[in-house]
Amino acid sequence: MPRTNGGGRKPDSPTLVSGEGWASVPSAGLARQPPRRHAQQPASRRRHNGAMRILHTMLRVGDLQRSIDFYTQVLGMQLLRRSENPEYQYSLAFVGYDGGNPDQAEIELTYNWGTTAYYMGTAFGHIAIAVPDAHAACERIKAAGGQVTREAGPVKGGTTVIAFVTDPDGYKIELIQTKSTTYEESRHSEVKNTDPLRSA
Numbered sequence: 042m043p044r045t046n047g048g049g050r051k052p053d054s055p056t057l058v059s060g061e062g063w064a065s066v067p068s069a070g071l072a073r074q075p076p077r078r079h080a081q082q083p084a085s086r087r088r089h090n091g092a093m094r095i096l097h098t099m100l101r102v103g104d105l106q107r108s109i110d111f112y113t114q115v116l117g118m119q120l121l122r123r124s125e126n127p128e129y130q131y132s133l134a135f136v137g138y139d140g141g142n143p144d145q146a147e148i149e150l151t152y153n154w155g156t157t158a159y160y161m162g163t164a165f166g167h168i169a170i171a172v173p174d175a176h177a178a179c180e181r182i183k184a185a186g187g188q189v190t191r192e193a194g195p196v197k198g199g200t201t202v203i204a205f206v207t208d209p210d211g212y213k214i215e216l217i218q219t220k221s222t223t224y225e226e227s228r229h230s231e232v233k234n235t236d237p238l239r240s241a
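With positions in the sequence shown counted from 1, the corresponding number in the working numbering is that position plus 41.
Given below as structure tokens:
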């Protein structure tokens, strides 16, 4: 039985996204973030047990390993944990930055065995990731085999520098630059051999 959320229904809309054309993403030398021990974190970042917070966003994917490769090798996340459920025929993988919860929300990648494509609706927009330098992030993503669908530049009607990429299943990911520079300064910045995708 495929794993579903909430109402127990799979998305049903006319846009088919199969992830065709994507292969397992080769490593581009992005620095993966080392696991972080929560006991060593500043008290200002610790969460109260009773406080509400976002835990994760779940994405259904057609090829679990392909998605893990993308989020870890292209976007520089960590594979936090993985599990298999033979009884209900689904597999889960959680990815995220800085060790995930409790300090960072996670992405749950769900693979329903035998399902390689989903119909995406028009309601879902994107996931957003903070990056120090959006232009450098786009260059590194392209070098790693990722697809940049909107190059770094000012958001419409504003000055914040953003970019968009898509994952192997067609989910949109917005990169939001947190470094205080103009677009021209960002565009001409030197792409250094560091991880530009580290969550700011």
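All C-beta atoms in this analysis are idealised placements derived from N, C-alpha and C, irrespective of residue type, glycine included.
This structure is a prediction, so every number in the text was calculated from the model and none was measured.
Taking the alpha carbon of residue i as the reference point, which residue from the options has its own alpha carbon closest?
i      : options                        : result
Phe205 : Arg122, Gly187, Gly198         : Gly187
Met118 : Thr163, Asp139, Tyr160, Gln218 : Asp139
Thr98  : Gly141, Lys197, Gly91          : Gly141
Leu100 : Ile203, Ile170, Tyr152, Arg181 : Tyr152
What does residue i pair with, by DSSP beta-bridge criteria?
i      : result
Asn142 : Answer by DSSP bridge pairing: none, since Asn142 is not bridged.
Lys220 : DSSP lists no partner for Lys220.
Gly186 : Answer by DSSP bridge pairing: none, since Gly186 is not bridged.
Ala134 : Arg123, Leu150
Glu215 : Ala169, Phe205
Leu100 : Leu150
Locate the beta strand (DSSP E) running through residue i, then write down its first and last residues.
i      : result
Glu119 : According to the sequence shown, residue 119 is Gln rather than Glu. Taken as a continuous stretch (DSSP letters only), the beta strand (DSSP E) holding Gln119 covers 119–126.
Ala169 : 168–172
Locate the alpha helix (DSSP H) running through residue i, then write down its first and last residues.
i      : result
Leu22  : With the chain running from 42 to 241 in the structure shown, residue 22 is simply not present.
Ala204 : No alpha helix (DSSP H) contains Ala204, which is instead part of the beta strand (DSSP E) from 202–207.
Arg94  : Taken as a continuous stretch (DSSP letters only), Arg94 belongs to no alpha helix (DSSP H), as it is neither H nor E.
Less than 8 Å between the C-beta atoms of residue i and residue j, yes or no?
i      : j      : result
Thr219 : Val172 : yes
Val115 : Ile170 : no
Assuming residue i and residue j make a contact with CB atoms under 8 Å, what is their CB distance in whole Å?
i      : j      : result
Ser108 : Pro209 : 6 Å
Glu147 : Leu96  : 7 Å
Ala193 : Ala175 : 4 Å
Gly137 : Leu121 : 6 Å
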